[in-house]
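Per the working numbering, the sequence shown starts with residue 41, numbered consecutively.
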Amino acid sequence: MTHPTPHLDLSPPVSDEIRQTTCYMCACRCGINVHLKSGKVAYIEGNRDHPVNKGVLCAKGSAGIMQINAPSRLRAPLKRSGPRGSGQFTEISWEEALTLATDWLQPIRDTAPQKLAFFTGRDQSQSFTSLWAQSYGTPNYAAHGGFCSVNMAAAGIYTLGGAFWEFGQPDWNHTKLFILFGVAEDHDSNPIKMGIGKIKARGARMVAINPIRTGYNAVADDWLGITPGTDGLLILSLIHLLMQAGRLDLPYLAQFTNAPVLINEDPNSPQNGLFLRDEDGHPQVIDRRTGQLARWDGQGVEPDLTGTHRHAGITHRPVFHHMADRYLADTYAPENIAPLTGIPAARIRQLAAEIARVAFDEAITLDQPWTDFRGIHHASMTGRPVSFHAMRGISAHSNGFQTCRALHVLQTLIGAVETPGGMRFKPPYPKPATAHPRPHCKVTPGQPLNGPHLGYPHGPDDLCLDDNGNPARIDKAFSWENPMSAHGLMHMVIANAHAGDPYKIDTLFLYMANMSWNSSMNTSGTMKMLTDMDADGNYIIPHIIYSDAYSSEMVAYADLILPDTTYLERHDCISLLDRPICEADAAADAIRWPVIQPDRDVRAFQSVLCDLGHRLKLPGFINEDGSAKYADYADYITNHIRRPGIGPLAGWRMGETGTQHGRGTANQGQIDSYIANGGFWVEHVPQEAAYYKPWSQAYQTWAVKMGFYDSPQPYIFQLYVEPMRRFQLAAEGEGARQPPDHLRARIMASMDPLPIWYAPLSDTPGDESYPVHALTQRPMAMYHSWGSQNAWLRQIHGHNPLYVPTKIWEANGFADGDWARVTSPHASITVPVAHMAALNENTVWTWNAIGKRKGAWALDPKAPEATKGFLLNHLIPELLPARGDGHRWANSDPITGQAAWFDLRVRIEKCAAPLTETLPAHPGITSPVPRGPAKIAWKIGT
Ligand code: SF4
Numbered sequence: 041m042t043h044p045t046p047h048l049d050l051s052p053p054v055s056d057e058i059r060q061t062t063c064y065m066c067a068c069r070c071g072i073n074v075h076l077k078s079g080k081v082a083y084i085e086g087n088r089d090h091p092v093n094k095g096v097l098c099a100k101g102s103a104g105i106m107q108i109n110a111p112s113r114l115r116a117p118l119k120r121s122g123p124r125g126s127g128q129f130t131e132i133s134w135e136e137a138l139t140l141a142t143d144w145l146q147p148i149r150d151t152a153p154q155k156l157a158f159f160t161g162r163d164q165s166q167s168f169t170s171l172w173a174q175s176y177g178t179p180n181y182a183a184h185g186g187f188c189s190v191n192m193a194a195a196g197i198y199t200l201g202g203a204f205w206e207f208g209q210p211d212w213n214h215t216k217l218f219i220l221f222g223v224a225e226d227h228d229s230n231p232i233k234m235g236i237g238k239i240k241a242r243g244a245r246m247v248a249i250n251p252i253r254t255g256y257n258a259v260a261d262d263w264l265g266i267t268p269g270t271d272g273l274l275i276l277s278l279i280h281l282l283m284q285a286g287r288l289d290l291p292y293l294a295q296f297t298n299a300p301v302l303i304n305e306d307p308n309s310p311q312n313g314l315f316l317r318d319e320d321g322h323p324q325v326i327d328r329r330t331g332q333l334a335r336w337d338g339q340g341v342e343p344d345l346t347g348t349h350r351h352a353g354i355t356h357r358p359v360f361h362h363m364a365d366r367y368l369a370d371t372y373a374p375e376n377i378a379p380l381t382g383i384p385a386a387r388i389r390q391l392a393a394e395i396a397r398v399a400f401d402e403a404i405t406l407d408q409p410w411t412d413f414r415g416i417h418h419a420s421m422t423g424r425p426v427s428f429h430a431m432r433g434i435s436a437h438s439n440g441f442q443t444c445r446a447l448h449v450l451q452t453l454i455g456a457v458e459t460p461g462g463m464r465f466k467p468p469y470p471k472p473a474t475a476h477p478r479p480h481c482k483v484t485p486g487q488p489l490n491g492p493h494l495g496y497p498h499g500p501d502d503l504c505l506d507d508n509g510n511p512a513r514i515d516k517a518f519s520w521e522n523p524m525s526a527h528g529l530m531h532m533v534i535a536n537a538h539a540g541d542p543y544k545i546d547t548l549f550l551y552m553a554n555m556s557w558n559s560s561m562n563t564s565g566t567m568k569m570l571t572d573m574d575a576d577g578n579y580i581i582p583h584i585i586y587s588d589a590y591s592s593e594m595v596a597y598a599d600l601i602l603p604d605t606t607y608l609e610r611h612d613c614i615s616l617l618d619r620p621i622c623e624a625d626a627a628a629d630a631i632r633w634p635v636i637q638p639d640r641d642v643r644a645f646q647s648v649l650c651d652l653g654h655r656l657k658l659p660g661f662i663n664e665d666g667s668a669k670y671a672d673y674a675d676y677i678t679n680h681i682r683r684p685g686i687g688p689l690a691g692w693r694m695g696e697t698g699t700q701h702g703r704g705t706a707n708q709g710q711i712d713s714y715i716a717n718g719g720f721w722v723e724h725v726p727q728e729a730a731y732y733k734p735w736s737q738a739y740q741t742w743a744v745k746m747g748f749y750d751s752p753q754p755y756i757f758q759l760y761v762e763p764m765r766r767f768q769l770a771a772e773g774e775g776a777r778q779p780p781d782h783l784r785a786r787i788m789a790s791m792d793p794l795p796i797w798y799a800p801l802s803d804t805p806g807d808e809s810y811p812v813h814a815l816t817q818r819p820m821a822m823y824h825s826w827g828s829q830n831a832w833l834r835q836i837h838g839h840n841p842l843y844v845p846t847k848i849w850e851a852n853g854f855a856d857g858d859w860a861r862v863t864s865p866h867a868s869i870t871v872p873v874a875h876m877a878a879l880n881e882n883t884v885w886t887w888n889a890i891g892k893r894k895g896a897w898a899l900d901p902k903a904p905e906a907t908k909g910f911l912l913n914h915l916i917p918e919l920l921p922a923r924g925d926g927h928r929w930a931n932s933d934p935i936t937g938q939a940a941w942f943d944l945r946v947r948i949e950k951c952a953a954p955l956t957e958t959l960p961a962h963p964g965i966t967s968p969v970p971r972g973p974a975k976i977a978w979k980i981g982t
């Protein structure tokens, strides 16, 4: 007897159309295939052709489908109808909303443009938003870099002309030892996962240095559970040991760094500590061929690392001498730093030996000739296969800039930057600090600002100060308080505006920045500042405009809401002018485009800015006849010309004979070409230019052809950052522009041109009241604060206990289910605790931004995020305690202004009985969108 075999369709079609765009569930910008069925998103998968992810998709990326369907999406423009902070709004039309915004913004542009503070969060359109702010004329613009990882970015640019992550990556194909400092999951997701997979498959080793062993640290071959804030000390000790052992790449240092550049040694000279320069201002080295002075970049010059020079009665010694003086000192001997770092001296010696062995005994050579900028031909490429990666973990400290600098100096001393197996730059990087703009702040009523807001100062003349020497910006960026604040200080805007220090503002305009909750220090205080009134009953910050796609905690504190689209409903460009998707072997950029249409009355924020630019008659946003220059952001992406031949997108520009890449005029079919190509454009770096990019003639020629810069700009790495010495000289009394007296000592101490380590500024020597370090990190499964209202991702992290190491767990007699009161010098919180053994013994930590305020994000007020979730932000003050001089410094790095989130110290005590809700429990807010259903389910297609 036979039975019919049932027909099973094992692979039913999931979609009837695939549209390719760019993910925005984190900042990695992977390519995605969005499967549509009956016009609805049915499934998201990775794009196998995409240069960033090559088909890999993470949990966040696939959960994008819940993001575009989230109940918390804002639905229409909103005007506040109740008291600020209540969450009571009335829906209005876009015309009403834009008229209201124009009515607030036009008068202050005409009289005092600095009264607008325009700050954006994890904005991926900064080259556009900054152009808008520049055109408006306010000096008060920045994105979120100042509270994120500006120390890493600025230290990288000042030292190497590039940084980790977006601007650089390990040479995954050749590295043999990969050393990871600090948390990385939040910034580098799929690319670093793929990279770690690649090196592990080859048998390369991975060492993780982090107080917490989670995420990438959990798959490392070795883990050093360092004490928070002491990474710089460990790195300087590694430098000490490598110098002592003579395990340095001397030819590399001589040719490609400023180690041989001569420094004025006369303490009485106004040039003390500055480079010896020729008449044309070129730093001088000794040429080994002649023993004479020569330009650092002279043709055929062979710089000498050891030669000194007497000139006009003054001795000049090379940078390398100064480094040896400093780093060979016993201060950095492992035995001396071990108690502070929590890493035994033997393990520090072991790590230094491993770095030296791999760099020099396992060096690799690629049979690839190349020619450097001095015209010297090299028959091959020598690699030191040791690579590093770091992001916010080491940078979000008040000593973070110097720590990040120290790491780059370590990499450079072993010749492991831009060589095979080391760190490689991603085009359009490398680009030295001198090739970036300097900051601008000159305000003229009714006119644009005199140049770009953000940049890289090279001395006191570049500071943003008013005629009286006071900060010109509301966040005090580029002032004597933090002279090299390349990304601004977004975390100080609300506090400064509330205090009227340095001045009052009229309108706070924010884009996707949850400043009344997880993006602020002193969260409770910030909410109060946003709602405080003056004696006349007017809000101290008179107007707040906010754009977001979701009903976040910040929405309740705005007067006017401009609802944004989700990332699948909009145009975007991931531009070479901004933060592109390049790889070390290729220049690349990408777009987003509306693969679905919004089902709500929302508009892409960038298109709204084009409209506002027209209404406000901003130069660059109107034609000569006053009509709108750009219909929307897509029109801007296609037609904006930044400089001749250069626009937001580099692919498929128009040449004389058709389309071409890099340079060219606007092409009306450009976005269609991107869509046809999967949403991205890529152009490979020539083989000869693959390494040694700052010095390679082949790379420089290619970079000019592609439009990264207009003439070759070779440079050498800056182990010694001369601009920092210029600030020190001003503090010592040199020059016309000098700091106020109360800041002189701080500038002299912090702005050392060679990396140093100092204890975090909030530490009080001898005070053991707060003995425990407290940290947060973003989980791998969530990047934006949107993540913890995403129906799928909430199932991974629904709440966030405070993880406690064994020593503290046992000392307090904690057991599962216990709660603890955690107290900092600023505030207290009460939270559930959990035991974690793989943790620095004096550190507690939790996931950041899981905790939500009741009423926000369309969540049930009883949701675990709102009851058991919590923020450490409540414990962190935005100002340090008053010191002897009465001044309260920002809780920031004194050089860059980076928010010092990870300097937090606490004490912890067990609660007598478990609680049902975390404290502080802020009253619920009314949400302008209805609460989400208990179950979210829908069917797509038939
Ligand atoms: S790594 Fe980031 S960009 Fe890539 S798929 Fe995941 S969430 Fe999207």
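Glycine included, each C-beta is placed from N, C-alpha and C at the ideal position.
Keep in mind the model is a prediction, meaning the values are calculated, not measured.
Cβ separation of residue i and residue j, assumed to be a contact under 8 Å, to the nearest whole Å
{"i": "S229", "j": "M822", "result": "S229 to M822, Cβ: 11 Å. No contact."}
{"i": "S559", "j": "G161", "result": "7 Å"}
{"i": "D572", "j": "I585", "result": "Not really, about 18 Å apart at Cβ, beyond 8 Å."}
{"i": "D89", "j": "G718", "result": "6 Å"}
{"i": "T1025", "j": "W887", "result": "This structure does not reach residue 1025, given that the chain is present from 41 up to 982, and the question cannot be answered."}
7 Å Cβ shell around residue i - same chain, five flanking residues per side excluded
{"i": "P210", "result": "F218, G235, S427, H429 and M463"}
{"i": "E762", "result": "L314, F315 and P793"}
{"i": "D750", "result": "V744"}
{"i": "K908", "result": "H839, P872 and T958"}
{"i": "T139", "result": "none"}
{"i": "P904", "result": "G838 and H839"}
Closest Cα partner of residue i within the set the options
{"i": "I40", "options": "R113, S438, W849 and W735", "result": "Coverage of the chain is limited to positions 41 through 982, which leaves residue 40 absent and any answer about it impossible."}
{"i": "I890", "options": "F910, Q637 and P901", "result": "F910"}
{"i": "I395", "options": "R335, T215 and D599", "result": "T215"}
{"i": "M567", "options": "G340, T61, Q166 and W557", "result": "W557"}
{"i": "P358", "options": "P323, I383, Q390 and P779", "result": "P323"}
{"i": "T346", "options": "G338, G353, M363 and G340", "result": "M363"}
{"i": "G353", "options": "H498, N308, F360 and L368", "result": "N308"}
Residues near residue i in its chain [Cβ-Cβ closer than 6 Å; skip 5 each side]
{"i": "Q128", "result": "S121, G122 and T966"}
{"i": "A421", "result": "Residue identity differs from the one stated: residue 421 is Met in this sequence, not Ala. L406, Q408, P460 and Y731, listed in sequence order."}
{"i": "A729", "result": "S736, A738, Y739 and W742"}
{"i": "R328", "result": "E342 and D344"}
{"i": "C622", "result": "K466, P467 and A628"}
Residues that residue i bridges to, as DSSP identifies them
{"i": "S868", "result": "T863"}
{"i": "I948", "result": "V862"}
{"i": "F428", "result": "I219"}
{"i": "W742", "result": "Its beta-bridge partners do not exist; DSSP assigns none."}
{"i": "T160", "result": "Y551"}
{"i": "N304", "result": "H356"}
Own chain partners of residue i with C-beta closer than 8 Å, once the 5 adjacent residues on each side are dropped
{"i": "T142", "result": "L652, R655 and L656"}
{"i": "P752", "result": "F413, Q737, Q740, T741, A743 and V744"}
Sufficient close CB pairs (3 or more, under 8 Å) joining the segment 463 to 478 to the segment 959 to 969: no
Touch test, the segment 658 to 677 against the segment 169 to 187, Cβ-Cβ under 8 Å, three pairs minimum: yes
Three or more C-beta pairs below 8 Å linking the segment 862 to 880 and the segment 969 to 978: no
Three CB pairs or more closer than 8 Å across the segment 514 to 532 and the segment 929 to 942: yes
Validate contact between the segment 61 to 77 and the segment 698 to 710 using beta carbons, cut 8 Å, 3 pairs: no
The segment 592 to 605 in contact with the segment 54 to 61 per 3-pair CB rule at 8 Å: no
Cβ contact check for the segment 237 to 250 and the segment 801 to 816: 3 or more pairs under 8 Å: no
Touch test, the segment 187 to 198 against the segment 525 to 539, Cβ-Cβ under 8 Å, three pairs minimum: yes
Inter-stretch contact (C-beta, 8 Å, three-pair minimum) for the segment 375 to 393 and the segment 263 to 279: yes
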